[in-house]
Amino acid sequence: MADVTFNGLTFEPYITKEEILQQIKRVAGEIKRDLAGETNPLFLCVLTGAFMFAADLYRECDIYDSEIAFIRFKSYEGMQSSGTIREVMGLDEDIKDRTVIIIEDIVDTGVTADRLRKRLEEMGPKQVKMATLLFKPDSIKQGKTPEYVCFSIPSRFILGYGLDLDGLARNLPEIYVLKEQQ
1 MADVTFNGLT
11 FEPYITKEEI
21 LQQIKRVAGE
31 IKRDLAGETN
41 PLFLCVLTGA
51 FMFAADLYRE
61 CDIYDSEIAF
71 IRFKSYEGMQ
81 SSGTIREVMG
91 LDEDIKDRTV
101 IIIEDIVDTG
111 VTADRLRKRL
121 EEMGPKQVKM
131 ATLLFKPDSI
141 KQGKTPEYVC
151 FSIPSRFILG
161 YGLDLDGLAR
171 NLPEIYVLKE
181 QQ
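Quick note on my numbering: the sequence shown kicks off at 1 and runs consecutively.
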């Protein structure tokens, strides 16, 4: 893996595709264990960043009586959280008395994740759990720690494997971190 440059910023390799897939298998095993005996759970992918993670995790979970749905929020502008959360695409599925697994790309401040969790809990599900590819425990301001975490990382800007910089670089198969200035 070599450094990549977008919008004048250089990013260095951080997490390989193999490491990502290894952790997805681990988390999928935890989810399958915890959902044993559940019927018709709903996996809820938070677009756009989590789409790659959701596809790999959902496939690895192989719970065949489950469904997957999508919701979209927007809270980032460039490399910073905007401080406001806009729901761009809502949930149409009935989740009453169902187990819902929210699939997030990254839990940073926890504000968006907490808002989504509370909104879903108002809809009467059996339970709501969250799986995230990346978790920044040092940045959390609100909400609780996700039940399923592939990687806990420091508070640095990253991209690739679904995560972007102004819409770019989502299709990188690995995860890169912003190179610190020397």
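Glycine included, every Cβ here is placed at the ideal spot set by N, Cα and C.
TODO: Can you grab the Cα-Cα spacing for the pair residue 163 / residue 101, in whole Å?
DONE: The straight-line gap separating the alpha-carbon atoms of residue 163 and residue 101 is approximately 20 Å.
TODO: Say whether the segment 161-175 touches the segment 50-58, bearing in mind that this needs 3 or more beta-carbon pairs closer than 8 Å, one atom from each stretch.
DONE: They touch, by the three-pair rule.
TODO: Give the straight-line distance between the Cα atoms of residue 27 and residue 149, rounded to the nearest whole angstrom.
DONE: Their Cα atoms are separated by approximately 7 Å.
Task: residue 124, buried or exposed, once every other Cβ within 10 Å from all chains shown has been counted against 16 - done: With fewer than 16 other Cβ atoms within 10 Å, it is exposed.
TODO: Name the one or two DSSP bridge partners that residue 160 has.
DONE: Answer is 163.
Task: Short Cβ contact (8 Å threshold) for residue 10 with residue 179 - done: Going by C-beta atoms, residue 10 is nearer than 8 Å to residue 179.
- [ ] Pull up the DSSP beta-bridge partners for residue 130, would you.
- [x] Bridge partners of residue 130 according to DSSP: 102.
Open item on the list: Within 10 Å of its beta-carbon, does residue 112 have 16 or more other beta-carbons around it, so buried, or fewer, so exposed?
Closed with: Residue 112 counts as buried, since at least 16 other C-beta atoms from the protein chains shown sit within 10 angstroms of its C-beta.
- [ ] Enumerate in chain order the residues of its own chain whose CB-to-CB distance from residue 8 is below 7 Å, with the five nearest sequence positions on each side excluded.
- [x] Same-chain partners within the cutoff: there are none.
- [ ] Look at the alpha carbon of residue 183 and the alpha carbon of residue 127, and state the distance between them as a whole number of angstroms.
- [x] Lying outside 1 to 182, the shown extent of the chain, residue 183 is not represented and no answer is given.
Task: Span of the beta strand (DSSP E), counted from its first residue to its last, around residue 47 - done: Looking at the DSSP string, the run of the beta strand (DSSP E) that includes residue 47 is 42-47.
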